[in-house]
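J.: This is the structure I want to talk about, given as structure tokens.
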């Protein structure tokens, strides 16, 4: 009996925003996916803050990581792609989502969960001198920066429950660090007008006990760097001003043509737009036309199961469910220190126990999202040939350069080639590019392709293109032309066109910026996404090779290492989303300017890719007849890589890389990273020692995280050492 091939993709589901409901949808989707449908979540950041824990973070009870929902980890669990970006518009006729800096993204079904904003653009000076409490991410960052500064008076514009909760939290945090310069709450109408009298009385008492000033019935005229000016002309001294009133929908929704209610997307009982059945909306950005409710996170959480069911029902033809929000819900309000009020049915009680209760609820919610269950790999059939288990290894095969054939196997096969030398081709053992001679002209030719390790074709293509250009750049050549080699997974023809649009958009951007033209290529359909390019370049002088390094040269590396470890951990759901995003941001940054600068002073240069830093350096040293020494503590690392290495994470190519290099290395997690396969890795250049520090300074000015990582010495029985 044959094993079933993966089903072709036929539908695109796009989740716009990483709000609470969408985070829960991802978790539920991972437990029960719909074969043939791809889910994409679009969010500006790799994580989304949980509103319930924000006051605790502001007060200092939680670290920033404690309140961040890791969307990267959830997307991996759900088998979804995540796109870091801001949606600017929706073309409902073409069914396209427009994202800044990317091609339009197609959808069959879209869901919107982007929250609201408390930005106050109508107040003069707000954008320059204040921060909105929502979205939460930018506010939390600005608050931490303020708390670590000389601080000063704080002003909260808005006297609702949210504004009062923030004021109490900020007052507590300031008092804990000895920077209590006073907190003032400004309310245009009546303080806490939307809650019951009993809860209001308790919160007013808490404000008075904390020494927080309250001014009701005042209008803000303008905001300056050191004062809030009221319409009466009074000036309220301030060093940090936060807007917590007038929460409103994001303005771009007004241009979608969707039915809106006061700017919020009007939805029916199934959470679908009233005038577009292909679009759903949940959370604070939605208006429940069948059962209007106040803006509260509890409704987004309760809506998530219904939204998940209805999205899947839309794809499979099943009946949709109705969302019936509760009339009354429990509100737990933090009071700054570790105490809280519990409010429901107009009654409230409070104390330290309420904080413990709230803390337990919040932490359990976050644990569900940030630690989804580990999905077990399919078992090997009982009648499989002996050796299958060993060949599979203990974990799934990595993508990118982690999926390459090991250097030992590759060298053994290439060593058996017996092609006769040619006068019109120059090669150096160990170089990844050939040099073709046309009279006095030298053309560099190289090819590379990557097995996809990231589900976004745009990001994957940028990395593959930069990776393929690495060999040309490393030889000091100017990129000339590129041929694409694309393997798409099985999918409907309409999706093929959409994916190829995204791939070629990204490829054209990279190669055009590098000065090269895409002149053709080849596409086919296979088991999984694979992207490669053949690249040519023109060298104005004799190309650099790995064989020209000299005794006494300094070794300069232009970017961190550890990407293979980060990506292996991401596949297993163990990497922090923020670390993954930071690594991808570096990998998608071209290095043509760095290579151009270094080629003018380097004796030898290569790009660090599949064989790892140690492997490529050992090849350079062997080809040049020298030895090399790495200063381990000087090698720049991707954030999170060392911690993951210390925890035992290794790329699947690591054992082959380590076995291929005769090196005097300590048995440490840091040393292990020297053998970590890199994708779109940095330039490694051997340059005169007196030019090393100026080179690092120049490269840093260009935006590269460059460092002097070691030196070359006389030939030795041990090619590579580390200290």
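In our numbering, the protein residues as written are 1 to 723. Ideal placement from N, C-alpha and C gives every residue a C-beta, glycine not left out. Source: prediction; values computed, not measured.
Go ahead and pull the three-state DSSP assignment for residue 634.
T.: Three-state result, residue 634: helix.
J.: Just the C-alpha distance for residue 705 and residue 714, rounded to the nearest angstrom, thanks.
T.: 28 Å
J.: Under the three-state reduction of DSSP, which class applies to residue 654: helix, strand or coil?
T.: Three-state result, residue 654: helix.
J.: Which residues mark the beginning and the end of the beta strand (DSSP E) in which residue 522 is found?
T.: 517-526
J.: Please state whether the Cβ-Cβ distance between residue 460 and residue 66 is less than 9 Å.
T.: In this structure, residue 66 does not lie closer than 9 Å to residue 460 by Cβ.
J.: Going by beta carbon distance, what residues of the same chain come within less than 7 Å of residue 336, once the five residues before and after it are set aside?
T.: 59, 168, 169, 171, 172 and 210
J.: With respect to the alpha helix (DSSP H) encompassing residue 55, which residues constitute its N-terminal and C-terminal limits?
T.: 54-59
J.: When we look at the beta-carbon of residue 127 and count the other beta-carbons within 10 Å, is it buried (16 or more) or exposed?
T.: exposed
J.: Between which residues of its own chain and residue 456 is the CB-CB distance below 6 Å, once the five residues before and five after are set aside?
T.: Sequence-distant Cβ neighbours of residue 456 in its own chain, meaning closer than 6 Å and more than five residues away, are 81 and 83.
J.: Per DSSP, what are the beta-bridge partners of residue 605 in this structure?
T.: 685
J.: Measure the C-alpha to C-alpha separation of residue 550 and residue 628 and round it to an integer number of angstroms.
T.: 10 Å
J.: Ordered along the chain, which non-local residues of its own chain (more than five positions away) have a Cβ less than 6 Å from that of residue 15?
T.: 22, 41 and 111
J.: Taking the straight line between their C-alpha atoms, what separation do you get for residue 106 and residue 564?
T.: 31 Å
J.: Hey, quick one: how far does the alpha helix (DSSP H) through residue 724 stretch, first residue to last?
T.: For the chain, the structure presents residues 1 to 723; residue 724 sits outside this window and is missing.
J.: Kindly indicate which three-state DSSP category residue 32 falls into: helix, strand or coil?
T.: Of the three classes helix, strand and coil, the one that applies to residue 32 here is coil, per DSSP.
J.: Taking the straight line between their C-alpha atoms, what separation do you get for residue 373 and residue 569?
T.: 15 Å
J.: Using a 10 Å radius around the Cβ and a threshold of 16 neighbouring Cβ atoms, would you call residue 737 buried or exposed?
T.: Nothing can be reported for residue 737, as the shown portion of the chain is limited to 1 through 723.
J.: For the alpha helix (DSSP H) that contains residue 72, what are its first and last residues?
T.: Note, residue 72: alpha helix (DSSP H), 71-78.
J.: Looking only at its chain, what residues have a beta carbon closer than 6 Å to the beta carbon of residue 35, apart from the 5 residues adjacent to it on each side?
T.: 7
J.: Can we say the region 133-141 touches the region 307-320, given the rule of at least three CB pairs closer than 8 Å?
T.: no
J.: I'd like to know whether the C-beta atoms of residue 282 and residue 274 end up nearer to each other than 9 Å.
T.: Taking 9 Å as the Cβ cut-off, residue 282 and residue 274 do not qualify as a contacting pair.
J.: Evaluate the contact criterion for the region 567-585 versus the region 635-646: three or more CB pairs, one atom per stretch, below 8 Å.
T.: yes
J.: Per DSSP, residue 491 is paired with what?
T.: 9
J.: Which residue marks the beginning of the alpha helix (DSSP H) containing residue 696, and which one marks its end?
T.: 692-701
J.: Enumerate in chain order the residues of its own chain whose CB-to-CB distance from residue 163 is below 7 Å, with the five nearest sequence positions on each side excluded.
T.: Excluding sequence neighbours, residue 163 sits near 156, 185, 244 and 245.
J.: Going by CA-CA distance only, name the one from 572, 721, 596 and 653 that's closest to residue 73.
T.: 572
J.: In chain order, what are the residue ranges of uninterrupted alpha helix (DSSP H) at least 4 long that sit wholly in the region 575-621?
T.: 577-587 and 592-599
J.: Do residue 46 and residue 580 come within 9 Å of each other at the CB atom, strictly closer than that value?
T.: yes
J.: From what residue to what residue does the alpha helix (DSSP H) around residue 370 run?
T.: Counting along the chain, the alpha helix (DSSP H) containing residue 370 begins and ends at 352-370.
J.: Would you check if the distance between the CB atom of residue 726 and the CB atom of residue 467 is smaller than 9 Å?
T.: Outside the displayed span of the chain (1 to 723) sits residue 726, for which this structure offers no information.
J.: Cα separation between residue 3 and residue 388?
T.: Per-residue confidence for residue 3 stands at a pLDDT of 44, beneath the threshold of 50, marking its modelled position as unreliable; the derived number appears in the next sentence. Going from the Cα of residue 3 to the Cα of residue 388 covers about 15 Å.
J.: Around the C-beta of residue 512, are 16 or more other C-beta atoms found within 10 angstroms, so that it is buried, or is it exposed?
T.: exposed
J.: Tell me which same chain residues have a C-beta within less than 6 Å of the C-beta of residue 1, skipping the five on either side of it?
T.: Below a pLDDT of 50, predicted positions are generally treated as unreliable, and residue 1, at 37, falls in that range; the measurement from the model is reported next regardless. For residue 1, where only same-chain residues beyond five positions count, there are no Cβ hits under 6 Å.
J.: Starting from residue 162, follow the alpha helix (DSSP H) in both directions and report where the run begins and ends.
T.: 161-176
J.: Let me know the secondary structure DSSP gives residue 280 once reduced to three states.
T.: strand
J.: Would residue 20 be called buried (16 or more neighbouring beta carbons within 10 Å of its own) or exposed?
T.: With 16 or more other Cβ atoms within 10 Å, it is buried.
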